[in-house]
Amino acid sequence: MIRHLVLFKLNEGVDRDDPRVAEGEKAFQALEGEIAEIRHWELGWNLSDRPIAYDFAINSAFDDAEALRRYAEHPAHQAGVSLWREFATWVIADYEF
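Mapping of the sequence shown onto the numbering used here: position 72 corresponds to residue 72, and the numbering continues sequentially without gaps.
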């Protein structure tokens with residue numbers, strides 16, 4: 001199994017109540033039922049007020065690297081990425097477990 005972690009940081013001046021953010025969150029929430037390769041899917045907003053904390057996280061799992069690749073290339077995932085690209089930056093980590 002491959003764990004795929006993504007941490008998002010909203011750009012300066014962008015708040016969680018921005019309509020673009022709501023649209024981006026909704027797009028990623030919908031991926032679990034839309035992309036067959038997803039084995040585990042959870043996402044949520046950070047609760048910490050620490051300045052080093054990121055704002056939003058996705059914790060997901062896939063059978064193998066090929067399934068993760070198919071997910072990453074899926075049009076629904078790419079549509080969500082395009083939305084988030086407008087108001088956030090992110091980092092990822094992929095590892096076997």
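All C-beta atoms in this analysis are idealised placements derived from N, C-alpha and C, irrespective of residue type, glycine included. None of the values given here were measured: they were computed from a predicted structure.
(message) In chain order, what are the residue ranges of uninterrupted beta strand (DSSP E) at least 3 long that sit wholly in the segment 21-51?
(response) Qualifying beta strand (DSSP E) stretches, in chain order: 38-45.
(message) Could you tell me the alpha carbon to alpha carbon distance between Ala-57 and Glu-66, rounded to whole angstroms?
(response) Start at 1 with the first residue of the sequence shown, and residue 57 comes out as number 57. Start at 1 with the first residue of the sequence shown, and residue 66 comes out as number 66. If you draw a straight line from the Cα of Ala-57 to the Cα of Glu-66, it comes to about 22 Å.
(message) Can you look up Glu-100 in the DSSP assignment and give me helix, strand or coil?
(response) The displayed coordinates of the chain run from 1 to 97. Any statement about residue 100 would go beyond what the structure contains.
(request) Return the residue from the list Arg-16, Glu-25, Val-14 that minimises the CA-CA distance to His-77. (result) The sequence position of residue 77 within the sequence shown is 77, counting from 1. Taking only the C-alpha atoms, the option nearest His-77 is Glu-25.
(request) May I ask you to report which of helix, strand or coil DSSP gives Ala-53? (result) For the purposes of this step, residue 53 is identified with residue 53 of the sequence shown, where counting begins at 1. Coil.
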